[in-house]
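Some notes on the structure that comes next.
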Amino acid sequence: MGWAIALHGGAGDIALNLETERREPREEGLRHCLEIGVAALKANKSPLDVVELVVRELENHPHFNAGRGSVLTRNGTVEMEASIMDGRTKKCGAVSGLTTVVNAISLARLVMENTPHIYLAFDGAEAFAREQGVETVDSSYFVTPENVARLKQAQEANRVQVDYTPPLQKEEQIPPADGESQIGTVGCVAVDGNGNLAAATSTGGLVNKMVGRIGDTPIVGAGNYANSYCAVSATGKGESIIRGTVARDVAALMEFKGLTLKEAAAYVVESVPKGTCGLIAVSATGEVTMQFNTTGMFRASATEDGHSEIGIWHPGQC
Amino acid sequence: MGGWAIAVHGGAGIDPNLPVERQEEAKQLLTRCLNVGISALRTNCPAIDVVELVVRELETDPLFNSGRGSALTEHGTVEMEASIMDGKGRRCGAVSGLVTVKNPISLARLVMDKSPHSYLAFSGAEAFARQQVCWCCGDFQGVELVDNEYFITEENKGMLKQAKEANSILFDYRIPLPGNETCLAAAAENVLQMNGLPISVYAPETVGCVVVDCQGNCAAATSTGGLMNKMTGRIGDSPIIGSGTYACDLCAVSCTGEGEAIIRATLAREVAAVMEYRGMGLQEAVNFVIKEKLDEGKAGLIAVSSKGEVAYGFNCTGMFRGCASQDGFMEVGLWE
Chain A
1 MGWAIALHGG
11 AGDIALNLET
21 ERREPREEGL
31 RHCLEIGVAA
41 LKANKSPLDV
51 VELVVRELEN
61 HPHFNAGRGS
71 VLTRNGTVEM
81 EASIMDGRTK
91 KCGAVSGLTT
101 VVNAISLARL
111 VMENTPHIYL
121 AFDGAEAFAR
131 EQGVETVDSS
141 YFVTPENVAR
151 LKQAQEANRV
161 QVDYTPPLQK
171 EEQIPPADGE
181 SQIGTVGCVA
191 VDGNGNLAAA
201 TSTGGLVNKM
211 VGRIGDTPIV
221 GAGNYANSYC
231 AVSATGKGES
241 IIRGTVARDV
251 AALMEFKGLT
261 LKEAAAYVVE
271 SVPKGTCGLI
281 AVSATGEVTM
291 QFNTTGMFRA
301 SATEDGHSEI
311 GIWHPGQC
Chain B
319 MGGWAIAVHG
329 GAGIDPNLPV
339 ERQEEAKQLL
349 TRCLNVGISA
359 LRTNCPAIDV
369 VELVVRELET
379 DPLFNSGRGS
389 ALTEHGTVEM
399 EASIMDGKGR
409 RCGAVSGLVT
419 VKNPISLARL
429 VMDKSPHSYL
439 AFSGAEAFAR
449 QQVCWCCGDF
459 QGVELVDNEY
469 FITEENKGML
479 KQAKEANSIL
489 FDYRIPLPGN
499 ETCLAAAAEN
509 VLQMNGLPIS
519 VYAPETVGCV
529 VVDCQGNCAA
539 ATSTGGLMNK
549 MTGRIGDSPI
559 IGSGTYACDL
569 CAVSCTGEGE
579 AIIRATLARE
589 VAAVMEYRGM
599 GLQEAVNFVI
609 KEKLDEGKAG
619 LIAVSSKGEV
629 AYGFNCTGMF
639 RGCASQDGFM
649 EVGLWE
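First to last, the sequence lines map onto chains A and B.
Residue 1 is where the first sequence starts when you use the working numbering, and the numbers rise one by one after that.
Residue 319 is where the second sequence starts when you use the working numbering, and the numbers rise one by one after that.
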């Protein structure tokens with residue numbers, strides 16, 4: 001028992017020889033967000049507060065695909081989405097199609113707490129944001145030069161890609177659409193010493209996605225889920241995660257098949273197509289697991305017994 | 319066992335005082351739609367085509383809350399959503415925030431078949447609908463588009479007004495409202511509500527169809543106008559894969575009722591999960607999920623299994639439904 005926390009900055013085809021200037025800011029971001037999450041748990045904040053807090057930090061970080069740093073739609077705009085779930089009550093909130101809200105995850109929480117609904121999207125969500133007085137900015141705030149370049153690259157190759165594709169060197173061939181980097185999304189899961197669980201996930205979505213495309217992130221049971229068994233946040237190719245009801249299935253395997261957290265996570269990750277999915281999860285008893293069938297997943301975790309780790313690729317690779 | 323089976327629903331949470339003529343109208347529509355599905359199944363039509371066909375019928379008829387006859391938003395407009403899932407391969411498509419698409423379920427199908435994504439919403443979904451329209455060799459392809467006015471019925475305008483009044487009543491039950499006895503009674507005694515509205519005002523949400531075809535493939539489809547007096551941009555359970563709709567190689571499920579409860583319970587996936595991970599049979603799974611997984615929420619669902627079984631369950635006052643299977647079984651009902 002004891003508290004535990006895990007967070008991620010997206011899974012995908014992260015090049016094993018990722019340049020330092022791309023790797024270090026992300027590792028630093030993971031480290032910083034982990035510290036914030038751990039401090040909050042030690043200060044006895046509820047897991048729901050902790051996951052919101054950490055995801056806000058990840059959204060504000062320009063190198064991850066959420067909030068500032070979100071990837072762009074085919075029109076060069078941002079459309080952000082997020083969801084949050086309280087494992088103790090199974091209450092949840094979700095938003096999609098945000099263009100001016102600085103912290104999508106906080107709006108998702110407000111939907112959960114201040115409306116009779118679970119999910120608000122597009123104009124309705126933006127109007128709600130104004131009613132609630134959350135921080136909004138001009139959409140240009142979210143756009144980074146890296147993502148403008150990624151969009152151009154994707155449009156030239158005429159494909160939809162999950163982000164973090166390294167910019168192409170001139171000599172390289174354009175990789176085929178199937179071998180695409182499949183990174184997206186940020187997320188955090190946490191459990192306190194009493195077994196209360198919460199999960200939060202936020203994203204800009206897929207590079208060059210159609211306007212109005214919704215992925216797995218705001219879909220309860222797909223990209224985000226928490227109940228009394230575990231809390232899960234998934235990342236990767238949204239369409240695969242939705243079909244696989246990934247986050248819900250981890251909990252369902254624990255509940256209905258008696259699998260452990262690690263076994264359940266492994267089962268689910270193996271059952272989705274290779275290269276499409278990663279997830280982080282914590283259990284009511286304070287266990288953590290972070291698994292992925294992609295090349296890498298930006299991730300970090302810590303538990304009350306003092307263990308902590310930050311990672312990108314599979315153990316053994318570097 | 320084996321063979322085809324089909325179930326349809328027109329929403330759960332029926333006013334016990336619903337006039338008998340309305341009950342009869344509903345039964346006739348359910349019977350007609352069942353027969354549309356049965357005819358298709360007898361010609362070996364694949365499950366995914368049958369569910370789309372049947373839900374189109376349900377959307378087009380103004381009686382139930384989907385397509386024409388959809389519940390109205392707080393602004394008196396219609397925003398429709400739908401999802402479809404093919405158990406074979408677990409492909410899926412979903413749409414939300416539609417305002418001009420005559421048959422939302424068909425757009426959901428096009429998202430599944432013709433786009434790189436699974437879910438499109440609002441202006442992006444409407445734009446996609448327009449892109450799909452074309453005349454190829456004189457044949458119309460794509461989805462039919464109409465004015466938002468087409469979907470709005472006088473009856474629902476009246477219901478919206480009542481819902482707005484009921485929402486204010488629920489906040490202050492001391493204010494008497496002349497001539498609106500049911501609302502007042504319900505509010506004062508806190509009796510028979512669905513989604514925070516007195517049952518007399520609540521529009522049973524959603525229509526759906528689940529089918530297993532002669533090959534044992536399952537498919538599910540669900541479509542709705544959503545909650546009466548909903549906030550603009552509110553999305554319910556119907557377009558959410560795993561909540562309102564789900565299909566895999568074991569079964570297909572379509573749910574209706576309190577959207578929040580259905581989403582929290584990931585209700586449709588839950589039926590399949592207990593079959594897959596606990597080895598439960600279809601009816602056992604349906605009963606278990608309805609009884610154990612809804613907490614305080616009220617909902618219903620229909621389901622078929624790859625073995626040709628059909629089942630339904632609900633924990634609220636009634637669900638418009640019909641079922642049939644290849645062995646000659648056929649039943650249409652509203653109450654327990």
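No residue lacks a Cβ here, since even glycine has one placed at the ideal position from N, Cα and C.
Counting C-beta pairs with one atom in each stretch, the region 284-291 of chain A and the region 4-15 of chain A have three or more that are closer than 8 Å, which means they touch.
The contact set of B:Ser561 on chain A, defined by CB atoms closer than 9 Å, consists of Ile219, Val220, Gly221 in chain order. The continuous stretches of beta strand (DSSP E) do not include A:His32, which lies in the alpha helix (DSSP H) extending over residues 20-42.
Beta-bridge analysis with DSSP links B:Thr391 to B:Lys548. A residue is called buried once 16 or more other Cβ atoms fall within 10 Å of its Cβ, and B:Ser561 is buried on that count. Of the other Cβ atoms in all chains shown, fewer than 16 fall within 10 Å of the Cβ of A:Val148; this residue is therefore exposed. Looking at A:Ala108, A:Asp123, A:Val207, the one whose alpha-carbon comes closest to that of A:Ala154 is A:Val207. For the pair of segments examined, the region 588-595 of chain B was found not to touch the region 292-306 of chain A: the number of CB pairs separated by less than 8 Å stays below three. Only those residues of the region 196-211 of chain A whose C-beta falls short of 9 Å from the nearest C-beta of chain B are listed: Leu206, Lys209, Met210, Val211.
Contact of A:Leu253 with chain B by beta-carbon distance below 8 Å involves Tyr595. B:Asp367: not part of any beta strand (DSSP E); member of the alpha helix (DSSP H) spanning 365-378, first to last residue. A check of alpha carbon separations from A:Arg150 across A:Lys209, A:Gly238, A:Ser46 identifies A:Lys209 as the nearest. In terms of beta-carbon proximity, A:Gly238 lines the interface with chain B, with at least one pair separated by less than 9 Å.
Note on geometry: alpha-carbon atoms of A:His32 and B:Cys566 lie some 41 Å from one another. Using a Cβ-Cβ cut-off of 9 Å, B:Met512 is close to nothing in chain A; its nearest Cβ partner there is about 12 Å away. If you draw a 10 Å sphere on the C-beta of A:Pro145, you find fewer than 16 other C-beta atoms in it, and that means exposed.
If the five residues before and after B:Val604 are omitted, its C-beta is found closer than 8 Å to the C-beta atoms of Val589, Leu619, Ala621, Ala629, Tyr630, Gly631, all from its own chain and listed in chain order.
Residue environment: B:Pro422 is assigned as buried (16 or more neighbouring CB atoms within 10 Å of its CB, all protein chains considered). Contact holds between the region 214-224 of chain A and the region 75-95 of chain A, because three or more Cβ pairs, one in each stretch, are under 8 Å apart. Within 10 angstroms of the beta-carbon of A:Thr203 lie 16 or more other beta-carbons, which makes it buried. Against chain A, a Cβ distance below 7 Å from B:Ala443 picks out Gly212. Distance from B:Ser441 to A:Gly212 at the Cβ level is roughly 6 Å; contact confirmed, criterion being Cβ atoms closer than 8 Å.
For A:Gly244, same chain residues with a beta-carbon under 6 Å away, outside a window of 5 residues either side, are Val272 in chain order.
Among the bridge pairs identified by DSSP, A:Ser233 is matched with A:Asn224, A:Ile280. Chain B places a beta carbon closer than 9 Å to that of A:Phe122, counting this residue as a contact. If you look at B:Arg409, you'll find it in the beta strand (DSSP E) that goes 409-416. By the criterion of a C-beta distance shorter than 8 Å, A:Thr100 is surrounded in its chain by Glu126, Ala129, Thr136, Val137, Asp138, Ser139, once the five residues flanking it on both sides are discounted. Per DSSP, reduced to three states, the secondary structure at B:Ser441 is helical. A distance of 9 Å or more separates the beta carbons of B:Val373 and B:Ala570. By the neighbour-count criterion, in which 16 or more other beta carbons inside 10 Å mark a residue as buried, A:Gly306 falls on the exposed side.
Taking a Cβ-Cβ threshold of 7 Å, none of the residues of chain B is close to A:Tyr229; the smallest such distance is about 13 Å. Ranked by Cα distance from B:Pro516, the first of B:Ile553, B:Asp333, B:Ile580 is B:Asp333. Each of B:Gln341, B:Glu399, B:Arg448, B:Ala358 was checked against the Cα of B:Pro557, and the nearest Cα belongs to B:Glu399. Closest by C-alpha distance to A:Arg88, out of A:Ser283, A:Ile310, A:Gly296, A:Asn293, is A:Ser283.
Rounded to whole angstroms, the gap between the alpha carbons of B:Thr635 and B:Glu654 is 8 Å. Inclusion of A:Ile105 and A:Val71 in the CB contact set at 9 Å is not warranted, their separation being larger than that value.
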